[in-house]
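Whatever position you read off the sequence shown (first residue = 1), add 683 for my numbering. Ideal Cβ positions, reconstructed from N, Cα and C, are used throughout, including at glycine. Predicted, not measured: the structure shown is a model, and the values here were computed from it.
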Amino acid sequence: MTDGESGNGESRGRERAPRRRPESRRAQKAALVIAQRIVDDITEDKLAPGTKMASERDMLSRFEAGRGTLRESLRFLEMNGVITVKAGPHGGPIVSEPDAQDLAGVLGLFLQLRGLPFKELVSAREILEPELAALAAAVSGGDVADEITDSIDGMRQFLDDEQNFLAENDRFHAAVASAAGNGLFALLISSLHAITDGMPLGVSYPLERREAVLRAHEAVGEAITSGDAEGARWAMRRHMREFRRYVEEKFPMVYERPVRWRDVAP
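If you want it as structure tokens, here you go:
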């Protein structure tokens, strides 16, 4: 037996320390508990966006909390897009609807703290979106296909208008992710797309680039609407590779730069 083999045997025979999931690092703050109960009210009572919630006085009585604690809860929920708080004597919390941009803001905070660069988000999209396009082709039909087709039509109409073109571009990627039939992926992809759009970082999309994006979307859309899962996968994969190369070559400083929260949620 060689020394290396002996060492490996000793390692295998060594008693392993048990691994345990970490306990909660801190007791929950009262404000967070109240925020969670408010969210329970919204979901359990199926309160639609725009619904006015109970007054501050009623909430103070119900939650048996101080005004400062309750207002901390409401500020937390407002920052995350769950509610809006209308000022004035007839104001109060109103149910909102958190969207992909709200999730992007939360992701941006964690990404900056982890020091993750822009290119890792691009890589994540390059892995995920081709598979979602394939799933969309396998299950597509009806309203799903209409949404994808309409977003492509919108891109054609706004080809000379960068801002509106990119809004339709966002809608296309959200529609493809939604068509895959998984709400979590739809929300996640829309959030990643909001970050990797890159415009706050200085990434621009001149006409030539917009024309290339339109052609790529047409190929993906055609494969999805015809039910060609493999074609949709490869068309989206080419599109994502082209996007990566575009940012990497034209905006290398952005591509390598760590994501900053303030760029995602200005």
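- Inter-segment contact for the segment 851-871 and the segment 793-800 is absent: fewer than three beta-carbon pairs are separated by less than 8 Å.
- Straight-line spacing of the CA atoms in R940 and A783 works out to 22 Å.
- If you look at T752, you'll find it in the alpha helix (DSSP H) that goes 750-762.
- Here the segment 771-786 makes no contact with the segment 880-888; the two share fewer than three CB pairs at distances below 8 Å.
- Around the Cβ of M762, a 10 Å sphere holds fewer than 16 other Cβ atoms; the residue is exposed.
- Within a 10 Å sphere around the beta-carbon of T908 sit 16 or more other beta-carbons, which makes this residue buried.
- Within 10 angstroms of the beta-carbon of P889 lie fewer than 16 other beta-carbons, which makes it exposed.
- In this structure, the alpha-carbon of L849 lies about 15 Å from that of E901.
- Just so you know, the alpha carbons of P732 and L870 end up roughly 18 Å apart.
- Residues A899, V903 of the same chain have their beta carbon placed closer than 7 Å to that of H922, with the five preceding and five following residues left out of the count.
- F759 places its beta carbon 8 Å or farther from that of A817.
- Counting along the chain, the unbroken beta strand (DSSP E) around V768 starts and ends at 766-769.
- Taking C-beta separations shorter than 8 Å and ignoring five residues to either side along the sequence, the partners of L804 in its chain run L794, L875, I878, T879, V942, following chain order.
- The Cβ atoms of M936 and L897 do not sit closer than 8 Å to each other.
- Assignment of V886 by DSSP, reduced to helix, strand and coil, places it in the coil class.
- DSSP, reduced to helix, strand and coil, places V716 within a helical segment of the structure shown.
- V778 carries a strand assignment under DSSP once its states are collapsed to helix, strand and coil.
- For P800, the beta-bridge partners assigned by DSSP are P941.
- Residue environment: K769 is assigned as exposed (fewer than 16 neighbouring CB atoms within 10 Å of its CB, all protein chains considered).
- Sorting A918, W944, F934 by C-alpha distance to the C-alpha of E812 places A918 at the top.
- If you ignore the 5 residues before and after A948, its C-beta comes within less than 6 Å of the C-beta of G788, G791, all in its own chain and listed in chain order.
- Within a 10 Å sphere around the beta-carbon of D728 sit fewer than 16 other beta-carbons, which makes this residue exposed.
- Taking A748 as the centre and dropping the five residues before and after it, the same chain places the C-beta of A713, I717 closer than 7 Å to its C-beta, in chain order.
- The segment 782-867 contains, as complete alpha helix (DSSP H) runs of 4+ residues, the segments 783-797, 801-822, 826-840, 845-862 (chain order).
- Judged by DSSP in its simplified three-state form, K729 adopts coil rather than helix or strand.
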